[in-house]
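Visitor:
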Amino acid sequence: MSVLFFGFGALAAAFIVQVLLVRCLQPRNHAAVIVAVFGTFSLLALLLFVVLQRGDVDGLPLWADTARLALMLGSLSLAYIAVYSAIEDDSPSMAMVKMAWQAGGRGCTEADFRTVMNDHLFLDQRIEAMKRDGWVVQSGDAIVLTPLGRIWGTVFSRAQQLLRMDEGG
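The working numbering applies: residue 757 is where the sequence shown begins, and numbers increase by one.
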């Protein structure tokens, strides 16, 4: 029970602080703020958990509960980061869902979607987000990965290989 208490408490506090920081300070790099805030709150929760727990709880050693807490914090933090990036800028799927929601009961036709949807709408937003987050720089006509972008490219490529996924977006 204490794992859930510490986990959800840390995540709720991190979410509140992250929202306040993004709304009040309006930082350029939202992803860095999320990683910093959720990472800090996760580490603090783990430290506090270890300090406050006395001995075995529910028959499990402290290291096992600490590992469960770390897994919970890491998993839910990464899930939130993924969801945040999906809604930060309109992805094609999110834009279509939003259009259908706004249309209400009358719905949208395929022609309605094609009128609004175009590659430049989404491509320009994604390139600007990658520039803002420090993943790419513009060099003449070329978009070039920064060292941070190369790290993320390696992470995505290795994840695709591990999961045996086809290459693509």
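We treat Cβ as the ideally placed atom computed from N, Cα and C, and that holds for glycine.
In terms of residues, what are the limits of the beta strand (DSSP E) holding L777?
Guide: Here residue 777 is taken as the residue at index 21 of the sequence shown, counted from 1. Counting along the chain, L777 sits inside no beta strand (DSSP E); it lies in the alpha helix (DSSP H) bounded by residues 758-781.
Visitor: Decide if Q774 is buried, meaning its Cβ has at least 16 other Cβ atoms within 10 Å, or exposed.
Guide: The count along the sequence shown starts at 1 and reaches residue 774 at position 18. Classification for Q774: buried.
Visitor: Starting from L799, trace the alpha helix (DSSP H) in both directions and tell me its first and last residue.
Guide: If you number the sequence shown from 1, residue 799 lands on position 43. Unbroken alpha helix (DSSP H) run through L799: 786-808.
Visitor: With DSSP collapsed to three states, give me the class of V911.
Guide: Start at 1 with the first residue of the sequence shown, and residue 911 comes out as number 155. Residue state, collapsed to three classes: helix.
Visitor: If you draw a straight line from the alpha carbon of A769 to that of S758, how long is it in whole angstroms?
Guide: In the sequence shown, the residue the question calls residue 769 occupies position 13. In the sequence shown, the residue the question calls residue 758 occupies position 2. So the two alpha carbons sit approximately 16 Å from each other.
Visitor: Is there contact here, the segment 826-844 with the segment 760-768, by at least three beta-carbon pairs under 8 Å?
Guide: Counting C-beta pairs closer than 8 Å gives three or more between the segment 826-844 and the segment 760-768, which meets the contact rule.
Visitor: Cutting at 7 Å between CB atoms, please list the residues of its own chain near R784, excluding the five before and the five after it.
Guide: Numbered from its first residue, the sequence shown carries residue 784 at position 28. If we look at R784 and ignore the five residues flanking it on each side, its Cβ neighbours are R888.
Visitor: With a CB to CB cut of under 6 Å and the five nearest residues on each side skipped, what residues in its chain are close to Q809?
Guide: Indexing the sequence shown from 1 puts residue 809 at position 53. The answer, listed in chain order, is L818.
Visitor: Ignore the nearest five residues each way along the sequence and tell me which others in V900's own chain have a CB closer than 7 Å to its CB.
Guide: The count along the sequence shown starts at 1 and reaches residue 900 at position 144. Leaving aside the five residues that flank V900 on each side, the residues in its chain whose CB is nearer than 7 Å to its CB run, in chain order, V892, V893.
Visitor: On the three-state DSSP scale, how would you describe R906?
Guide: What you label residue 906 is simply residue 150 of the sequence shown in a count that begins at 1. Three-state DSSP puts R906 in a helix.
Visitor: In whole angstroms, what separates the C-alpha of S833 from that of V791?
Guide: Start at 1 with the first residue of the sequence shown, and residue 833 comes out as number 77. Start at 1 with the first residue of the sequence shown, and residue 791 comes out as number 35. Straight-line spacing of the CA atoms in S833 and V791 works out to 8 Å.
Visitor: H786 and V778: beta carbons closer than 8 Å?
Guide: The residue given as residue 786 occupies position 30 in the sequence shown. The residue given as residue 778 occupies position 22 in the sequence shown. The beta carbons of H786 and V778 sit closer together than 8 Å.
Visitor: Straight-line CA distance for D868 to F797?
Guide: Position 112 of the sequence shown, counting from 1, holds the residue named residue 868. Position 41 of the sequence shown, counting from 1, holds the residue named residue 797. So the two alpha carbons sit approximately 44 Å from each other.
Visitor: Can the beta-carbon of L835 be found less than 8 Å from the beta-carbon of A801?
Guide: Within the sequence shown, the letter at position 79 stands for residue 835. Within the sequence shown, the letter at position 45 stands for residue 801. First, the amino acid is wrong: residue 835 is Ala here, not Leu. The beta carbons of A835 and A801 sit no closer together than 8 Å.
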